[in-house]
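Participant:
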Amino acid sequence: MSEATGAQVDIELIVNKEPAAMWELITDVARIGEWSPECKGGAWLDGDTPRAGARFEGHNHFENGFIGTTTCLVTEAQPPSVFEWIVLDPSHSPESPGSTWRYELAPGDEPGQTRVHHRFVHGPGVTGLSEHMTSHPEQARQILQDRLDKLRKHMTVTLEGMARS
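Sequential numbering from 314 applies to the sequence shown in my numbering.
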């Protein structure tokens with residue numbers, strides 16, 4: 314467990330798409346790279362689909378040049394309202410995920426809109442962030458804050474891109 318454990322980012326946007334249409338975009342892991350500045354795409358493993366227990370890979374490119382692939386495990390999938398997954402750390406133990414990502418979709422204020430609540434929570438598992446903080450303890454708080462700020466920006470850009478699709 315690191316100082317990053319439990320750190321989170323929450324954003325909420327109202328988009329001009331029906332919840333079912335947003336659900337289709339959010340759960341299409343192969344397309345995420347069309348909108349995300351960081352996640353360049355993904356693929357369902359074993360021919361799976363968005364359901365609890367399904368796994369997918371995510372392919373990330375970070376601004377510092379690091380490129381990585383993560384294995385993710387869907388923990389909740391309730392079309393068209395909830396999609397949640399954990400990112401497995403190198404141990405691949407679901408009890409110690411690197412992070413949890415969650416989308417909650419609800420009808421917006423106007424017909425044809427969706428209120429999207431998107432959350433990231435850093436888990437107790439090993440991540441690049443936790444390792445970087447451990448390597449630079451004197452800068453750990455700033456490293457964490459910078460990462461959370463970047464995530465907030467990227468999560469917002471991703472949702473705005475989906476909304477325009």
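Note that beta-carbon positions come from the ideal geometry of N, C-alpha and C, so glycine has one too.
Look at the Cβ atom of Gly474, then the Cβ atom of Asn329, and state whether they are nearer than 9 angstroms.
Facilitator: Here residue 474 refers to the residue found at position 161 when the sequence shown is read from its first residue. Here residue 329 refers to the residue found at position 16 when the sequence shown is read from its first residue. The answer is no: Cβ separation not under 9 angstroms.
Participant: If you draw a straight line from the C-alpha of Asn373 to the C-alpha of Pro350, how long is it?
Facilitator: Here residue 373 is taken as the residue at index 60 of the sequence shown, counted from 1. Here residue 350 is taken as the residue at index 37 of the sequence shown, counted from 1. Distance between the alpha carbons of Asn373 and Pro350 is about 9 angstroms.
Participant: So the candidates are Asp323, Ala343, Ala356; which of them puts its Cα closest to the Cα of Lys463?
Facilitator: To locate residue 463, count along the sequence shown from 1; it is residue 150. If we check each option's Cα against that of Lys463, Asp323 comes out closest.
Participant: Would you decide whether Phe375 is buried or exposed? Buried here means 16 or more other CB atoms lie within 10 Å of its CB.
Facilitator: Locating residue 375 in the sequence shown gives position 62, where the first residue counts as 1. Under this definition Phe375 is an exposed residue.
Participant: According to DSSP, is His449 helix, strand or coil?
Facilitator: Counted from its first residue, the sequence shown places residue 449 at position 136. In the structure shown, His449 sits in coil (DSSP, three-state: anything other than H, G, I, E or B).
Participant: Take the Cβ of Pro431 as the centre, count every other Cβ of all protein chains shown within 10 Å, and call the residue buried at 16 or more, exposed below.
Facilitator: Position 118 of the sequence shown, counted from the first residue, corresponds to residue 431. Note on identity: in this sequence residue 431 is His, with Pro being the wrong assignment. His431 should be labelled buried.
Participant: Around the Cβ of Pro450, are there at least 16 other Cβ atoms within 10 angstroms (buried) or fewer (exposed)?
Facilitator: If you number the sequence shown from 1, residue 450 lands on position 137. Counting Cβ neighbours within 10 Å, Pro450 comes out exposed, since fewer than 16 surround it.
Participant: Would you say Leu401 faces chain B, with C-beta separation under 9 angstroms as the test?
Facilitator: Here chain B cannot be found, since the structure has a single protein chain.
Participant: May I ask you to report which of helix, strand or coil DSSP gives Pro392?
Facilitator: The residue labelled residue 392 in the question sits at position 79 within the sequence shown. The answer is coil: DSSP assigns Pro392 none of H, G, I, E or B.
Participant: Between the beta-carbon of Leu418 and the beta-carbon of Met335, is there less than 9 angstroms?
Facilitator: Here residue 418 refers to the residue found at position 105 when the sequence shown is read from its first residue. Here residue 335 refers to the residue found at position 22 when the sequence shown is read from its first residue. Going by C-beta atoms, Leu418 is nearer than 9 angstroms to Met335.
Participant: Would you kindly work out how many angstroms separate the C-alpha atoms of Ser412 and Glu347, rounded to a whole number?
Facilitator: Reading the sequence shown from its first residue, position 99 is the one you call residue 412. Reading the sequence shown from its first residue, position 34 is the one you call residue 347. Roughly 22 angstroms between the two C-alpha positions.
Participant: If distances are taken between C-alpha atoms only, which option among Leu457, Thr469, Gly366, Met468 comes closest to Ile399?
Facilitator: If you number the sequence shown from 1, residue 399 lands on position 86. Among Leu457, Thr469, Gly366, Met468, the Cα nearest to that of Ile399 is on Gly366.
Participant: Helix, strand or coil for Ala334 per DSSP?
Facilitator: As a first step, residue 334 is located in the sequence shown; it is residue number 21 there, counting from the start. Helix at Ala334.
Participant: Which residues does DSSP list as the beta-bridge partners of Trp414?
Facilitator: As a first step, residue 414 must be located in the sequence shown, where it is residue number 101. Bridge partners of Trp414: Trp398, Phe433.
Participant: Taking 9 angstroms as the threshold (C-beta atoms), are Asp422 and Glu415 in contact?
Facilitator: Along the sequence shown, read from residue 1 onward, the residue named residue 415 stands at position 102. Along the sequence shown, read from residue 1 onward, the residue named residue 422 stands at position 109. In the sequence as presented, Glu is not what sits at residue 415; that position holds Arg. No.
Participant: Can you tell me whether DSSP reads Val470 as helix, strand or coil?
Facilitator: As a position in the sequence shown, residue 470 is number 157, starting the count at 1. In this structure, Val470 counts as helix in the three-state DSSP scheme.
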